[in-house]
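Note sheet for the following structure.
Numbering (the numbering used here), first residue to last: 151 to 363.
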């Protein structure tokens with residue numbers, strides 16, 4: 151009898167939790183549609199260096215802006231305004247790097263920065279990224295002479311500055327010609343911080359990038 155009660159209680163709890171999740175997902179979709187209809191603000195920085203833009207999770211207007219709440223952004227970061235503004239190279243705390251005057255223009259799905267004697271280029275596909283979708287991350291490493299680096303160990307660490315998410319730290323095996331490839335599953339909409347960890351010659355260095363879902 152006790153086992154039967156436990157089973158029924160567990161089943162009811164599961165159904166209620168599933169219903170709540172469905173309701174939250176529906177709200178997220180509606181708020182996303184409303185956020186995406188807002189035109190992009192002026193002064194958007196160049197793709198590949200400046201801060202990307204897009205709707206926050208569940209329609210929020212910044213990291214942690216769940217259910218439409220207002221949340222603070224790092225200094226120098228442009229608030230999202232619907233649509234994406236490209237993958238962006240940033241500091242460890244998500245602040246956009248200044249685009250060099252002579253830097254070539256990159257596609258929206260690419261960003262580059264120099265770490266020590268290495269230049270790190272990240273490209274993501276498909277682009278724009280979408281929640282509940284598998285993404286591919288190509289990391290290109292070249293040394294200060296422009297030669298491909300094939301002797302590094304590369305991994306990624308994907309986090310959301312605005313909220314805790316389950317760990318997502320895929321390794322990126324070398325695919326040849328200085329390119330390292332990893333795959334990871336995108337979950338919630340919002341601002342994502344991508345750390346590219348590079349272990350070479352006993353030293354670890356990191357490059358950071360952000361992108362909005």
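Beta carbons are placed, not taken as given, at the ideal position from N, Cα and C, and that holds for glycine.
Computed from a predicted model, the values in this text were never measured in an experiment.
As assigned by DSSP and simplified to three states, the class of residue 295:
If you number the chain shown from 1, residue 295 lands on position 145. Note: residue 295 maps to coil in three-state DSSP.
Would you kindly check if the distance between the Cβ of residue 291 and the Cβ of residue 259 is under 7 Å?
As a position in the chain shown, residue 259 is number 109, starting the count at 1. As a position in the chain shown, residue 291 is number 141, starting the count at 1. Contact: no.
Give the secondary structure of residue 159 by DSSP, where H, G and I count as helix, E and B as strand, and everything else as coil.
The residue given as residue 159 occupies position 9 in the chain shown. Of the three classes helix, strand and coil, the one that applies to residue 159 here is helix, per DSSP.
Exposure of residue 299, with buried meaning 16 or more beta-carbon neighbours within 10 Å:
Here residue 299 corresponds to residue number 149 of the chain shown, with the count starting at 1. Residue 299 should be labelled buried.
What does DSSP give as the partner residue(s) for residue 421 in the beta ladder?
Residue 421 lies beyond the range of the chain shown here (151 to 363); nothing can be said about it.
Write down the C-beta distance between residue 279 and residue 361 rounded to the nearest angstrom, noting that I regard them as a contact closer than 8 Å.
Here residue 279 refers to the residue found at position 129 of the chain shown. Here residue 361 refers to the residue found at position 211 of the chain shown. Their Cβ separation, rounded to whole angstroms, is 6 Å, which keeps residue 279 and residue 361 in contact under 8 Å.
Look at residue 288 and residue 240 and say whether their C-beta atoms are less than 7 Å apart.
Residue numbering aside, residue 288 sits at position 138 when the chain shown is read from its first letter. Residue numbering aside, residue 240 sits at position 90 when the chain shown is read from its first letter. Contact: no.
According to DSSP, simplified to helix, strand and coil, what is residue 290?
By 1-based counting over the chain shown, the position of residue 290 is 140. DSSP places residue 290 in strand when its eight states are reduced to three.
Between which residues of its own chain and residue 163 is the CB-CB distance below 7 Å, once the five residues before and five after are set aside?
Indexing the chain shown from 1 puts residue 163 at position 13. Result list for residue 163: empty, nothing under 7 Å.
Should residue 282 be labelled buried (16 or more other beta-carbon atoms within 10 Å of its own) or exposed?
Indexing the chain shown from 1 puts residue 282 at position 132. With fewer than 16 other Cβ atoms within 10 Å, it is exposed.
If you measure between the beta carbons of residue 344 and residue 302, is that distance less than 7 Å?
Looking up residue 344 in the chain shown gives position 194. Looking up residue 302 in the chain shown gives position 152. It is not a contact, given that the beta carbons lie outside the stated cut-off.
Residues in its own chain within less than 8 Å of residue 267 by CB, not counting five upstream and five downstream?
Mapped onto the chain shown, residue 267 falls at position 117. So the qualifying residues of the chain are 293, 294.
Might you give, ordered along the chain, the residues of its own chain that have their beta carbon closer than 7 Å to the beta carbon of residue 277, omitting 5 neighbours on each side?
As a position in the chain shown, residue 277 is number 127, starting the count at 1. The answer, listed in chain order, is 258, 259.
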